[in-house]
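*Asks:* In this text, residue positions in the sequence shown follow my numbering: the first is 75, and each later residue adds one.
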Amino acid sequence: LAATLTTLLVMPITGLFDLPWWGYPLLALSVAPMAPLAALALAALAQNKVQGLALMKAAGIVLVPPLIAYFLPPAWQLPFAVVPTWWPAQALWHL
Numbered sequence: 075l076a077a078t079l080t081t082l083l084v085m086p087i088t089g090l091f092d093l094p095w096w097g098y099p100l101l102a103l104s105v106a107p108m109a110p111l112a113a114l115a116l117a118a119l120a121q122n123k124v125q126g127l128a129l130m131k132a133a134g135i136v137l138v139p140p141l142i143a144y145f146l147p148p149a150w151q152l153p154f155a156v157v158p159t160w161w162p163a164q165a166l167w168h169l
């Protein structure tokens with residue numbers, strides 16, 4: 075809930091995206107589940123603080139596939155759908 079509200083407040087204020095009014099809640103709801111999923115994965119996989127820090131750094135790799143997919147033709151983008159960050163990126167690109 076906090077991630078959704080924060081996204082709804084920050085995105086229109088920054089002015090980085092020129093989206094219709096209904097696009098902001100759609101994007102906020104598509105991105106919001108990522109924060110608790112990352113926290114649960116971290117709690118389940120890390121045995122101590124050092125491992126947690128290493129896992130969070132390694133988790134940044136899920137941000138790369140949507141960037142690569144952006145420069146590929148649409149037919150080549152479909153294999154990137156297994157990465158969770160691809161879906162919000164697609165929603166943003168198609169609004």
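Even for Gly, the Cβ is constructed at its ideal location relative to N, Cα and C. Keep in mind it's a predicted model, so treat the numbers as computed, not measured.
Which residues in the same chain have their Cβ closer than 7 angstroms to the Cβ of MET130, if we skip the five residues on either side of it in sequence?
*Replies:* LEU116
*Asks:* Taking its Cβ as the centre, do 16 or more other Cβ atoms sit within 10 Å of PHE91, making it buried, or is it exposed?
*Replies:* Counting every other CB atom within 10 Å of its CB across the protein chains shown gives PHE91 a total below 16, marking it as exposed.
*Asks:* Put THR88 into one of helix, strand or coil per three-state DSSP.
*Replies:* Reduced to three states, the DSSP call for THR88 is helix.
*Asks:* Would the beta-carbon of GLN58 fall within 7 angstroms of that of ALA143?
*Replies:* The structure shown does not extend to residue 58, since the chain is modelled only from 75 through 169, so no value can be given for it.
*Asks:* Provide the residue span of the alpha helix (DSSP H) that contains VAL105, from first to last.
*Replies:* DSSP places VAL105 inside the alpha helix (DSSP H), whose first and last residues are 97 to 105.
*Asks:* Less than 7 angstroms between the C-beta atoms of THR81 and ALA102, yes or no?
*Replies:* yes
*Asks:* Which residues bound the alpha helix (DSSP H) around VAL138?
*Replies:* 138 to 144
*Asks:* Span of the alpha helix (DSSP H) holding PRO162?
*Replies:* 160 to 168
*Asks:* Anyone know if the C-beta pair for SER104 and ALA155 falls short of 7 angstroms?
*Replies:* no
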